[in-house]
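What follows is a single structure, written as structure tokens, with notes after it.
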Amino acid sequence: MTTTRQAALVAVFTVVIAAVARLSLLVSVSEPETTPLDGPLLQSLPQFQGTHSEQLLWGSYRSGLYMGLRMRVPKSLLAGLAWFDPNQPGGQVQLRHEAQSSDGLSRFGWEAHDGRTFGRQELVDGAVHLSTHLMKQEVSGCSTGGDWAVRITARPAKQPGGRGGTNHNAHRRVSLIFYIMDEGGSPLQLEGAGSAPVPTGSTLVSGKHPVTGSWTLSMLQQPAAGSSKPARVHHLGARTLATHKVTELLKLHLKLPAGRPAGRAWPRLPNAAEAQSNLMAFQITLTVPGQVDFTFLAGQDGAPPPPPSRAQQPNLGLSGWMPSWLLPSAQGPAQGSTPPAISQRGPPCQASRTSRLENLQGDKLTGLLKDSEADFDRRVTASFGNLEASDLPAGTAKAAKMALSNMLGGLGYFYGSSKIKLPGGAGAAEPRIVESWPSALYTAVPGRSFFPRGFLWDEGFHQLLVRKWDPAISRDVLAHWLDLVNSQGWIAREQILGEEARARVPAEFMADADFLRAAWPRLSAWLRWFERTQQGPVPGSYRWRGRDGSTTRELNPKTLASGLDDFPRASHPSEDERHLDLRCWMALAYQSLATIGSSLKLPAEEVQPFAEKAATLSDPAELVRLHWDPASRRFLDWGNHTQGVSLQWMLQRLPDGRPYGLELQRVVDQHKPPQLQYVPHFGFVSLFPLLMRLLPADSPQLEALLQQLPKTKLLWSPYGLRSLSKDSSLYNQHNTKLDAPYWRGAVWFNINYLTLAALQHYSQVEGPARAQAELLHQKLRRTLLANIVHVYKTTGSPWENYDDQDGHGKGTHPFTGWTALFVMAASGELLNWGKVSKPAGSSGGNNRDQRRRKEQNQRAARNDQLDPYERSQKATGGVHLGPGSAAFAAVADVAALEGPAILRCLPCQATFSTEAQLQQHNEGPTHRKALARIQAAQEKKRRMGQNSGAAEAALAAAAWAGAAGGEPARVARQQQEESVSQILEPLLPGHLVFSSPAAAA
């Protein structure tokens, strides 16, 4: 098998294993299995030892902090940055440490990061702009993970309109706190820091760790412009093992100095240290602009520390908790690892401390950072092509670098036990909480401010990008996840390991083959677990578990296990359900394992069951039989369903009949009882046969899907494919009073990315849908990239999803999880696992396909000048299509779609090509009317809140009237209820109906 084929296989396997694993922690198992799968850990493979492991020892692995470093060992040294504005009145401390959206930073994230040795991050907090740089250097002969430096630069933030900081901002101060902590509790030694200015390049603190040996942390400050004196340093020494409470600890000890008038002093650390302090923090208050370097040197005793005896190591598998290069079984450089650049190699271990320190401070550090950023830029171009090409939106390169860098800079290392919720035992009403075995996880995170932990569903998409950049890191991540398989073959979908996470709820070919061979037992056990626990009601069908059939509050019970949380399924969960997306995931999973086993030449008896199951699930006739609705010409779920479900405000009564309040409840129309049928919600789920490429290129079902895909009244929007069709009864509908629509209309990039890849696939296969697939692929790619780059230029970050009405970012941000895959879309390199669904008699070759794609790209530029009818003729090879034909209508519909303009008026949902046009529009009557409508809607919302209070008062009056009893009380209650109804009904959204129990009956 070729290197390209092997790499594609690993990429597909990455998506499949993660996607089918998005199961809730509420999965029922007969016994609480908290033991690992028997067998060697994948982390013990030779490719993850030696140079690979040492290069990745230190990193920005504390993903939930604005700036945090640690080693990839359980009891690590930890370093971190915190800061606050000392100009706040009254000595208030608004400490920035843990990355939180509520802090209101207008910009934060890595804008250059290679995942190994270098990173640059930008943080804009009010009037101050902080830049944090990370630089690591290999120290040959030490085997201690190398030296590193963190540079923090403060300057005035740019004001709106692009102006620099004002004179006032130019003289602001920012108080920085940099700390280092031994997670294992070993004491640190303070090296003379105090209230007096610290000499240039002086050592602040030292210590000793089993991995790094003796180490030191030094500081070099660049005085503010016009000043010859460095700022004073204040310190704190504390003894604590609560790594997740460092923020509270620092805030507790920051006090205004006694006797100093308010406004002329700021909170400071106390210049005190507890006995046996294992945390040392150093505060330096800079006048903006200013700069400070912190430098860490390892192996100060000149030799690598000896590994502990086996009795001293926790039972974590073959390699224990020590880095593998320190163990007796250490190997050489890992196959497929990325060699360090010249700028990353520092002096040898025997070099003097002074020379090693000077190499990572001041001007020399400036040179290293400059060279490393240039190396990063060159590597981005080499990996993803010219992202400044004319056919891409302006600004694509900058947005892509930020997305890639935040993905790599957000790689985290976590260690601990997962908490698992299991059903209670016999007679127990409450579920049991059990803990898994202690384990490590090296993983990318979806978002540092809201999701700073591992998510298996997301990880598959993450690794499509990471693998393109650094295959060795990607395999390392997958190895950590697969080492979490328990003895039943299950992996929890969400990993919250350790207190920090829990507190916030050709060599390449050989390396791939070795990895897959070692991973086979875990992969096969995992897939067998899914087959055993997720089977559907009829052979060949599957059903997600975990839906709540007894809910009275959810409009449509969520299917969290699917990853598409609130995407509408059957209204009444039952064992009769057949879930289309799960069946397609399982088909691809079986295909992947059958291919992997065959590629590795494993025994036939091991591979044959997977190959036979893959053939069964890949049969288009079976897929059509189970999930194709001929009436709507769509693939759909099957289940017990009715459209007669709504959320209604119900008047609640006490046992004696007195009303006491309103509650939004799910109500089923008794005249429309549920029945077994196809679930008529067209959206992302319906696309899965296309996404998984389970349809032959000459399939009539494929043609029908592609005809419906570009219709703007269904899934197509000017910003990408929406998750749920506009003709669905639950489009953009709340699921509960507080549960806003999530996968009910928003544009999500992960499924759009899979759609792009599938369209590209079918555009390269002979068949009747080939031309239409090519048109859809090109238009969807341009549409998605235009909006993502536009929103990035406006807000400075990618978002979790995007609104299908005006394209604005929604959900968590910065979200550099699967949204970062737009880098791959911009480069033109999409997911391709080599599976070609050709009709009978077709043939082709790679060279011919490449020439054809080049010609199509050239034609596409000319096609933009044609009208839809002319485009449809050229797209079908010159064959005339009558204006009344379905094929012409579909092609014309695609051709007529346009992406968003650069300038947009969101209130009016209007686009403009020049700023002058936008300004003229903003001053005109149309824009004023739109603003008036928005203000009226806001006023209506405000009045609804007021009238809710009035309704409560009316209900209270009814309750008092009812206390008297008799017919007068009944009449009074009825009048009050009618009054409440008159108040609320005009103010409720269209899908919410006010009703009393009597009216509902």
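Counted from 1, the sequence shown has number 493 at position 493 by our numbering; the numbering is strictly sequential. Note that beta-carbon positions come from the ideal geometry of N, C-alpha and C, so glycine has one too.
#1: Let's see if you can read the secondary structure: which residues bound the beta strand (DSSP E) around L651?
#2: Using a threshold of 8 Å, state whether the C-beta atoms of W743 and L724 are closer than that.
#3: Quick one: is G80 buried, meaning 16 or more other Cβ sit within 10 Å of its Cβ, or exposed?
#4: Tell me where the beta strand (DSSP E) around Q121 begins and ends.
#5: Enumerated in chain order, which unbroken segments of the alpha helix (DSSP H) with a length of 4 residues or greater are wholly contained in the stretch 757–826?
#6: Under 8 Å, with one C-beta from each stretch per pair, do the stretch 377–386 and the stretch 768–781 reach the 3-pair mark?
#7: Looking at the secondary structure, which residues open and close the alpha helix (DSSP H) in which W481 lies?
#8: Does the separation of the CB atoms of G59 and L411 fall below 8 Å?
#9: Note the first and the last residue of the continuous alpha helix (DSSP H) segment covering H52.
#10: Looking only at its own chain, which residues have a Cβ that is under 7 Å from the Cβ of A265, when we skip the five neighbours before and after it?
#11: Take the Cβ of K613 as the centre, count every other Cβ of all protein chains shown within 10 Å, and call the residue buried at 16 or more, exposed below.
#12: I need the DSSP call for T212, collapsed to helix, strand or coil.
#13: List in chain order: all unbroken beta strand (DSSP E) runs of 3+ residues lying wholly within the stretch 130–161.
#14: Nearest to K136 by CA position, among L65, K75, R155, F296, is which residue?
#15: When you compare only the Cα positions, how much space is there between W544 and D727?
#16: Beta carbon of F461, beta carbon of N735: below 8 Å?
#17: State the start and end residues of the unbroken beta strand (DSSP E) segment that holds S729.
#18: Looking at the strands, I want to know which residues DSSP matches up with G207.
#19: Would you call S352 buried or exposed, if buried means 16 or more other Cβ atoms sit within 10 Å of its Cβ?
#20: Would you report the Cα separation of M1068 and H244, rounded to the nearest angstrom?
#21: Where P696 and L702 are concerned, what is the direct C-alpha to C-alpha distance, given to the nearest angstrom?
#22: Tell me whether the beta-carbon of Y415 lies closer than 8 Å to the beta-carbon of P74.
#23: Note down, in chain order, each residue of its chain lying with its Cβ closer than 7 Å to the Cβ of Y731, except the 5 sequence neighbours on either side.
#24: DSSP puts R96 in a beta bridge; with which residues?
#25: CB Q463 to CB V477, shorter than 8 Å?
#26: Taking G237 as the reference, which of G796, G395, T287, S186 has the closest Cα?
#27: What's the call for L687, buried or exposed, on a 16-neighbour Cβ count within 10 Å?
#28: Which of the three DSSP states is assigned to S524 in this structure?
#29: Distance check for M402 and V791, CA to CA, integer angstroms please.
#30: How would you label R532, buried or exposed, when you count the other beta carbons within 10 angstroms and need 16 or more for buried?
#31: Measure how close the beta-carbons of Q189 and R116 come, nearest whole angstrom, since I'm counting them as under 8 Å.
#32: Which term fits S102, buried or exposed, when burial requires 16 or more other beta carbons within 10 angstroms of its beta carbon?
#33: Cβ atoms of A281 and Y413: under 8 Å apart, would you say?
#34: For the 8 Å Cβ check, are there 3 or more pairs between the stretch 622–639 and the stretch 674–688?
#35: Excluding the 5 residues preceding and the 5 following R578 in the sequence, name in chain order all residues of the same chain whose CB lies nearer than 8 Å to its CB.
#36: Are the CB atoms of T212 and A298 nearer to each other than 8 Å?
Taking the definition as stated:
#1: According to the DSSP assignment, L651 belongs to the beta strand (DSSP E) that extends over 645–653.
#2: Yes.
#3: So G80 ends up on the buried side.
#4: Element bounds for Q121: 118–125.
#5: The DSSP assignment places complete alpha helix (DSSP H) segments of no fewer than 4 residues inside the stretch 757–826 at 770–795, in order along the chain.
#6: Counting Cβ pairs under 8 Å, fewer than three are found: no touch.
#7: Per DSSP, W481 belongs to the alpha helix (DSSP H) from 471–482.
#8: The answer is yes: Cβ separation under 8 Å.
#9: Looking at the DSSP string, the run of the alpha helix (DSSP H) that includes H52 is 50–55.
#10: Within the same chain, A265 has close Cβ partners L256, P257.
#11: Per the 10 Å Cβ criterion, buried.
#12: Reduced to three states, the DSSP call for T212 is coil.
#13: If we require 3 residues or more, the beta strand (DSSP E) runs fully inside the stretch 130–161 come out as 147–156.
#14: Its Cα nearest to that of K136, the residue F296 stands out among L65, K75, R155, F296.
#15: Each residue's alpha carbon lies about 25 Å from the other.
#16: Their beta carbons are not under 8 Å apart, which means F461 does not touch N735 by this criterion.
#17: Neither: S729 is in no beta strand (DSSP E) and is coded neither H nor E.
#18: DSSP, once it has assigned bridges, lists W215 as partnering G207.
#19: With fewer than 16 other Cβ atoms from the protein chains shown falling within 10 Å of its own Cβ, S352 counts as exposed.
#20: This structure leaves residue 1068 out entirely; the chain is present only between 1 and 1001.
#21: Approximately 8 Å, taken between the alpha carbons.
#22: In this structure, P74 lies closer than 8 Å to Y415 by Cβ.
#23: Taken in chain order, the residues that qualify are L724, S725, R744, G745.
#24: In DSSP, R96 forms a bridge with W83.
#25: The beta carbons of Q463 and V477 sit closer together than 8 Å.
#26: Closest by alpha carbon: S186.
#27: Under the 10 Å beta carbon count, L687 is surrounded by 16 or more other beta carbons and is classified as buried.
#28: When DSSP states are grouped into helix, strand and coil, S524 belongs to the helix group.
#29: Roughly 13 Å between the two C-alpha positions.
#30: The residue is exposed, with fewer than 16 neighbouring Cβ atoms inside 10 Å.
#31: Not really, about 30 Å apart at Cβ, beyond 8 Å.
#32: Taking a 10 Å sphere around the C-beta of S102, we find fewer than 16 other C-beta atoms and assign the residue as exposed.
#33: With respect to the 8 Å criterion, Y413 and A281 are not classified as neighbours on the basis of their beta carbons.
#34: Remark: three or more beta-carbon pairs, one from each stretch, lie closer than 8 Å, so the stretch 622–639 and the stretch 674–688 are flagged as touching.
#35: Here the set comprises G536, P537, V538, S541, Y542, R543, L626, H627, D637, W638, G639.
#36: Against a cut-off of 8 Å, the Cβ pair of A298 and T212 comes out as a contact.
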